[in-house]
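Let me begin by presenting the structure, written as structure tokens, before commenting on it.
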Amino acid sequence: MISIEQALEQIMARLPECRSTWCALDNALGHVLAEDVQSDIDSPPYDKSLVDGYAVIADDITLDITLSVLEDVLAGQIPTQTIQPGTAIQIMTGAPLPEGASAVVMIEQTSRNQQDVTIHQETIKSETNIMRQATSLSKGETVLSAGKFIRPIEVGILAEIGCTKVPVYQQPKLAIISTGDELVEATKTPQAGQIRNSNGPLLQALATSHGADAHSLGIGVDNFEALSDLVATGLESDILILSGGVSAGVKDLVPAVLRQHGVEQVFHKLNLKPGKPLWFGIFSSGKHQTMVFGLPGNPVSSLVCFLLFVAPVISKLTGKTSACLRETTASLKTDFQQRGDRPTYFPAQLTEHGGNRYVTPLAWKGSADQQTLSKANALAFFQAGNQLYQTGEEITVFEIPS
Ligand code: AMP
Ligand code: MG
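Counting with our numbering, you get residues 1438 to 1839 for the letters of the sequence shown.
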């Protein structure tokens, strides 16, 4: 059986090229820029006032001097007068600075009497409360570089520089099929022997949150023809994830159905707990390629396999450079008995206290216990081999992205 590292290597070796596209600014959040973007304006586009107040000649100002107000300029208006000694122009925050002005006195430091304003401060330094044209950025300047992850802050900057068609890496199309005769959709009340399909929504949420354009193809019953029809549709996507049906059960038909569709098996089974039955293969048709993952149906196995093997694929294809699972170390809060010959990723709770990190492997009540799983924010890592890890021992932990 191959190792986790070998599995990841074999998957990443089959990764297609990243594709770039354009998206509307409204949809840019969470994408990665595929090209540098330049500004089509100076920012600010003109010398502007940073406060509501009076534009003045700084050298004019002495305590309680009275200046003659030439005009009032609101944001969005253009001054028409030039300030001369002994005059001022009332100006609002963001309005263009009038010719001749070298500072703006805050309105709170003044009193107005019809066309006169009295300044109640002793002096003002030149440039006070003024932001000069292009202080923030200049027309033609590269404002954001290729590879930048677009957060809400970047959406604001892109809007400012008029970049409304944003060059980004394309989101891979990802299809999900949840297999199992026992499954019913979450909207249904399970009858005897049935459970709700939780992996479908879990995997769709995971894929979406990692940047894929994910959609569910619903439940595939454990029947060769029915599964085959769904797989045919799923193979139109860039990534196809199946959950369940890859173990050794008599109804575990996924590998055979994939083979029948000409999906080339790259590996089946690896040395990992949970997630040993993971199946990975490639479907090629002309220029189109689909990366196919058969994840074990146990929800924890599905989660671990997704985070270890599918998430890095989506990240790479969407141009991200940071690791999906952030590695750290933490001190065990309880003893942990590791058993068996497989390296283990165990759902755990990571906490921080007084600058120290602590990790508690979750004591869940069987593989279907999602209630306990909801407390997990990390995967605790234990090496293969029987070993009692003792309270206080430092172990490797991977943070689950929220
Ligand atoms: P399998 O990998 O198909 O043998 O399934 C392993 C376990 O996971 C079984 O207990 C299944 O009932 C459960 N399971 C499979 N698919 C799902 C799913 N979509 N949602 C929740 N549990 C599932
Ligand atoms: Mg099954």
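Glycine included, every Cβ here is placed at the ideal spot set by N, Cα and C. Remember, predicted model here, so these are calculated numbers, not experimental data.
I'd like the list of long-range same chain contacts for residue i, defined as Cβ closer than 8 Å, with 5 residues on each side in sequence excluded.
{"i": "D1484", "result": "P1533, L1534, I1567, M1568, R1569 and Q1570"}
{"i": "T1645", "result": "A1651"}
{"i": "E1472", "result": "S1457, A1583 and P1604"}
{"i": "F1717", "result": "A1444, Q1447, I1448, Q1702, V1703, F1704, H1705, M1728, V1729, F1730, G1731 and F1746"}
{"i": "Q1409", "result": "The structure shown has nothing for residue 1409, since the chain only spans 1438 to 1839."}
{"i": "V1621", "result": "P1627, Q1628, Q1631, I1632, R1633, N1634 and I1656"}
{"i": "D1772", "result": "L1825, Y1826, Q1827 and T1828"}
{"i": "A1461", "result": "T1601, K1602 and V1603"}
{"i": "A1596", "result": "L1462"}
State the CB to CB distance for the pair residue i and residue j, rounded to an integer number of angstroms; the pair is presumed to be in contact (CB under 8 Å).
{"i": "E1836", "j": "L1787", "result": "6 Å"}
{"i": "V1741", "j": "A1767", "result": "That belief does not hold up - the Cβ atoms of V1741 and A1767 are roughly 18 Å apart, past 8 Å."}
{"i": "P1522", "j": "D1497", "result": "6 Å"}
{"i": "D1666", "j": "T1616", "result": "That belief does not hold up - the Cβ atoms of D1666 and T1616 are roughly 13 Å apart, past 8 Å."}
{"i": "K1710", "j": "R1794", "result": "So it is not a contact: roughly 23 Å between Cβ atoms."}
{"i": "V1554", "j": "L1504", "result": "5 Å"}
{"i": "E1764", "j": "T1833", "result": "6 Å"}
{"i": "H1647", "j": "A1760", "result": "Rounded, the Cβ-Cβ distance is 12 Å, inconsistent with contact."}
{"i": "E1619", "j": "Q1631", "result": "5 Å"}
{"i": "G1699", "j": "F1720", "result": "7 Å"}
Skipping 5 residues on each side, what residues in its chain have a beta carbon closer than 7 Å to that of residue i?
{"i": "L1640", "result": "I1613, I1678, S1680, S1739 and F1743"}
{"i": "S1573", "result": "S1480 and P1481"}
{"i": "A1580", "result": "One detail in the question is off: residue 1580 reads as Val in this sequence, not Ala. So the list reads V1474, Q1475, S1476, L1574, I1594 and I1598, once near-sequence residues are dropped."}
{"i": "K1576", "result": "S1476, D1477, I1478 and D1479"}
{"i": "E1591", "result": "L1581 and K1585"}
{"i": "L1511", "result": "M1529 and A1532"}
{"i": "A1663", "result": "G1657"}
{"i": "T1524", "result": "L1504, S1505 and L1507"}
{"i": "P1589", "result": "L1466"}
{"i": "Q1807", "result": "S1635 and P1736"}
Taking 8 Å as the threshold (C-beta atoms), are residue j and residue i in contact?
{"i": "Q1447", "j": "F1704", "result": "yes"}
{"i": "A1642", "j": "R1633", "result": "no"}
{"i": "A1649", "j": "P1604", "result": "no"}
{"i": "A1805", "j": "P1692", "result": "no"}
{"i": "P1784", "j": "L1762", "result": "no"}
{"i": "I1598", "j": "S1539", "result": "no"}
{"i": "G1843", "j": "C1455", "result": "A question about residue 1843 goes unanswered here, because the residues of the chain that appear run from 1438 up to 1839."}
{"i": "N1823", "j": "G1734", "result": "no"}
{"i": "K1585", "j": "L1466", "result": "no"}
{"i": "L1707", "j": "S1440", "result": "yes"}
{"i": "I1502", "j": "I1556", "result": "yes"}
{"i": "F1819", "j": "Y1826", "result": "yes"}
{"i": "Q1514", "j": "I1526", "result": "no"}
By alpha-carbon positions, which one of the options ends up nearest to residue i?
{"i": "I1544", "options": "A1693, G1792 and Y1491", "result": "Y1491"}
{"i": "T1828", "options": "L1810, A1813 and P1798", "result": "P1798"}
{"i": "Q1774", "options": "S1563, L1595, D1477 and E1830", "result": "E1830"}
{"i": "V1694", "options": "E1508, T1670, D1675 and P1711", "result": "T1670"}
{"i": "Q1697", "options": "V1668, S1674 and F1717", "result": "V1668"}
{"i": "I1520", "options": "Q1514, A1512, Q1527 and E1536", "result": "E1536"}
{"i": "L1611", "options": "G1803, S1653 and H1468", "result": "S1653"}
{"i": "E1701", "options": "G1686, V1687, Q1726 and I1439", "result": "Q1726"}
{"i": "K1602", "options": "G1803, S1635 and D1463", "result": "D1463"}
{"i": "E1564", "options": "V1542, L1816, Q1551 and D1772", "result": "V1542"}
{"i": "K1753", "options": "A1450, I1439, V1510 and V1687", "result": "A1450"}
{"i": "M1438", "options": "G1792, E1662 and L1715", "result": "L1715"}
{"i": "Y1782", "options": "G1655, A1821 and V1750", "result": "A1821"}
{"i": "T1758", "options": "C1600, I1719, D1509 and H1468", "result": "H1468"}
{"i": "Y1606", "options": "I1587, V1592 and E1591", "result": "I1587"}
{"i": "R1549", "options": "E1578, Q1518, D1509 and Q1514", "result": "D1509"}
{"i": "A1813", "options": "G1792, P1838 and G1791", "result": "P1838"}
{"i": "W1459", "options": "G1777, A1663, C1600 and F1661", "result": "C1600"}
{"i": "S1684", "options": "G1792, K1713, D1675 and E1673", "result": "K1713"}
{"i": "I1751", "options": "G1777, D1675, P1638 and K1625", "result": "D1675"}
To which residues of the same chain is residue i closer than 6 Å at the C-beta, ignoring the five residues directly before and after it?
{"i": "L1381", "result": "The chain is shown from 1438 up to 1839; residue 1381 falls before or after that span and cannot be answered."}
{"i": "D1489", "result": "M1529, T1530 and I1544"}
{"i": "Q1558", "result": "Q1546"}
{"i": "G1857", "result": "Since the first and last residues shown for the chain are 1438 and 1839, residue 1857 lies out of range."}
{"i": "W1801", "result": "T1809"}
{"i": "Q1453", "result": "Per the sequence shown, residue 1453 should be read as Pro rather than Gln. Answer for P1453: Q1726, listed in chain order."}
{"i": "K1625", "result": "none"}
{"i": "L1500", "result": "E1559"}
{"i": "E1578", "result": "S1476"}
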